[in-house]
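Asks: Take a look at the following structure, please.
In UniProt numbering, the protein residues as written are 1 to 76.
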């Protein structure tokens, strides 16, 4: 039986309305607000989950002898 690495990716998304000169200015203002912790995403902002083979190894298959001790291990 082989060992496989699987990545779980979750996207959280919130649309923010901002007055700005252009879209670049709007993005900068929102980035600044995020940096000041004025915009904090939570579970209500969950949008999407993807479960895929890890791109660290080809098809997620872990070669024999590879040290993966620092990864979370699922006991199945």
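For every residue, glycine included, the Cβ atom is placed at its ideal position computed from N, Cα and C.
1) Rounded C-beta distance between residue 14 and residue 55? I'm assuming under 8 Å.
2) By Cβ distance, which residues of its chain are closer than 6 Å to residue 49, with the 5 residues on each side in sequence left out?
3) Between the C-alpha atoms of residue 37 and residue 16, what's the straight-line distance to the nearest angstrom?
4) Using a Cβ-Cβ cut-off of 7 Å (strictly less than) and excluding sequence neighbours within five positions of residue 18, which residues of its own chain qualify?
5) Helix or strand or just coil, what does DSSP make of residue 30?
Replies: According to the structure data:
1) Your numbering for residue 14 matches position 14 in the chain shown. Your numbering for residue 55 matches position 55 in the chain shown. With a Cβ gap of about 27 Å, residue 14 and residue 55 do not count as contacting.
2) Counting from 1 along the chain shown, the entry for residue 49 is found at position 49. Correct list, in chain order: 10.
3) The residue given as residue 37 occupies position 37 in the chain shown. The residue given as residue 16 occupies position 16 in the chain shown. For residue 37 and residue 16, the distance between alpha carbons rounds to 14 Å.
4) To locate residue 18, count along the chain shown from 1; it is residue 18. Once the five neighbours on either side are set aside, the close Cβ partners of residue 18 are 26, 29, 30.
5) The count along the chain shown starts at 1 and reaches residue 30 at position 30. Here DSSP, grouped into helix, strand and coil, assigns residue 30 to helix.
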